[in-house]
Amino acid sequence: MITIDSLVKRRGSKEILSGISFQARPGRVTGFLGPNGAGKSSTLRILLGLDRATSGTALINSVPFVQLRDPLATVGAMLDGSGAHRARTGRAHLRWVARSAGLPRTRVDEVLDIVGLTNAASRRVGGYSLGMGRRLGLAAALLGDPEILILDEPVNGLDPDGIRWIRAFLREHAASGRTVLLSSHLMGELAETVDDVVVINEGKVVADGTLDEITGSHRTLEDAFFALTTGGAP
Numbered sequence: 002m003i004t005i006d007s008l009v010k011r012r013g014s015k016e017i018l019s020g021i022s023f024q025a026r027p028g029r030v031t032g033f034l035g036p037n038g039a040g041k042s043s044t045l046r047i048l049l050g051l052d053r054a055t056s057g058t059a060l061i062n063s064v065p066f067v068q069l070r071d072p073l074a075t076v077g078a079m080l081d082g083s084g085a086h087r088a089r090t091g092r093a094h095l096r097w098v099a100r101s102a103g104l105p106r107t108r109v110d111e112v113l114d115i116v117g118l119t120n121a122a123s124r125r126v127g128g129y130s131l132g133m134g135r136r137l138g139l140a141a142a143l144l145g146d147p148e149i150l151i152l153d154e155p156v157n158g159l160d161p162d163g164i165r166w167i168r169a170f171l172r173e174h175a176a177s178g179r180t181v182l183l184s185s186h187l188m189g190e191l192a193e194t195v196d197d198v199v200v201i202n203e204g205k206v207v208a209d210g211t212l213d214e215i216t217g218s219h220r221t222l223e224d225a226f227f228a229l230t231t232g233g234a235p
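Residues in the sequence shown are numbered from 2 upward in steps of one, following this note's numbering.
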């Protein structure tokens, strides 16, 4: 369970987040949407202990990320690509992550197979396509077999088969009773994946509900998004 409660973030005189609150629940895929600069990245960074809030709380299973007893088994996150050194192979990168976290090396080949990178595991990351880099980032997030996934733009660079695969994977992950928080700008794809939607704009939550509730009288999630954030004009 992810719980954001009255979260405020200020940088100097600028308020990035203005007391936002929402939850991402087990067994559900929650879409987290907002225009550029709305505060999505700041929210995710605070949630993962990479930045500090001015006030309010961002909790994972009722505690801040830094207080989790087994972080990688609780949360798998992908924010800015794979984070891998370009000179390392995909397998070497995952072995380094696993070793740093005290995870068994056998898990590396398991996650490579899950994300479809087994045949590219011995190639240097610098030669990976954008989509392959996203798959490697997801593999790293899955190393601890986490109960919660937090993913920012996971389908960026994936081909149609890859997009369909990750959609099915995330829905299966949630169906097993786990939590998925997913940020993406691809509205059509999100509408095929998520159960719940949180929309943030100018540091405030402007909508929070099921996909059907948010879409409401609009033809698509994209139409609902623009109505909520720009008054209807794309």
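We put the CB at the ideal spot given by N, CA and C, even for glycine.
Open item on the list: For E16 and E214, what's the separation of their Cα atoms in angstroms?
Closed with: As a position in the sequence shown, residue 16 is number 15, starting the count at 1. As a position in the sequence shown, residue 214 is number 213, starting the count at 1. C-alpha separation (whole angstroms): 29 Å.
- [ ] Below 8 Å CB to CB, which residues in the same chain sit around G50 once its five sequence neighbours on both sides are set aside?
- [x] Numbered from its first residue, the sequence shown carries residue 50 at position 49. Cβ-Cβ distances below 8 Å link G50 to P65, F66, V67 in the same chain, with the five nearest sequence neighbours on each side left out; the list follows chain order.
Task: Terminal residues of the beta strand (DSSP E) in which F66 lies - done: Translated into the one-based positions of the sequence shown, residue 66 becomes position 65. Note, F66: premise wrong, no beta strand (DSSP E); not H, not E.
Open item on the list: Would you call the stretch 88 to 103 in contact with the stretch 48 to 62, where contact means no fewer than 3 C-beta pairs closer than 8 Å?
Closed with: The answer is no - the stretch 48 to 62 does not touch the stretch 88 to 103, with fewer than three Cβ pairs under 8 Å.
TODO: Pick helix, strand or coil for R125, following the three-state DSSP scheme.
DONE: Within the sequence shown, residue 125 is the residue found at index 124, counting from 1. In the three-state reduction of the DSSP assignment, R125 falls in the strand class, which pools E and B.
- [ ] Taking all protein chains shown into account, decide if A176 is buried (16 or more other Cβ within 10 angstroms of its Cβ) or exposed.
- [x] Numbered from 1 along the sequence shown, position 175 holds the residue referred to as residue 176. A176 should be labelled exposed.
Open item on the list: Would A140 and L150 be called neighbours here (beta carbons separated by less than 8 Å)?
Closed with: For the purposes of this step, residue 140 is identified with residue 139 of the sequence shown, where counting begins at 1. For the purposes of this step, residue 150 is identified with residue 149 of the sequence shown, where counting begins at 1. No; because the gap between Cβ atoms is not below 8 Å, this pair is not in contact.
- [ ] Return the first residue and the last residue of the alpha helix (DSSP H) that V116 is part of.
- [x] By one-based count along the sequence shown, residue 116 stands at place 115. That run of the alpha helix (DSSP H) goes 107 to 116.
- [ ] Counting only runs of 3+ residues fully inside the stretch 168 to 210, write out the beta strand (DSSP E) ranges in chain order.
- [x] Here the runs fully enclosed are 180 to 184, 197 to 202.
Task: Other residues of its chain near K41: CB distance less than 7 Å, five sequence neighbours each side excluded - done: For this step, residue 41 is matched to residue 40 along the sequence shown. Around K41: F33, G35, S184, I201.
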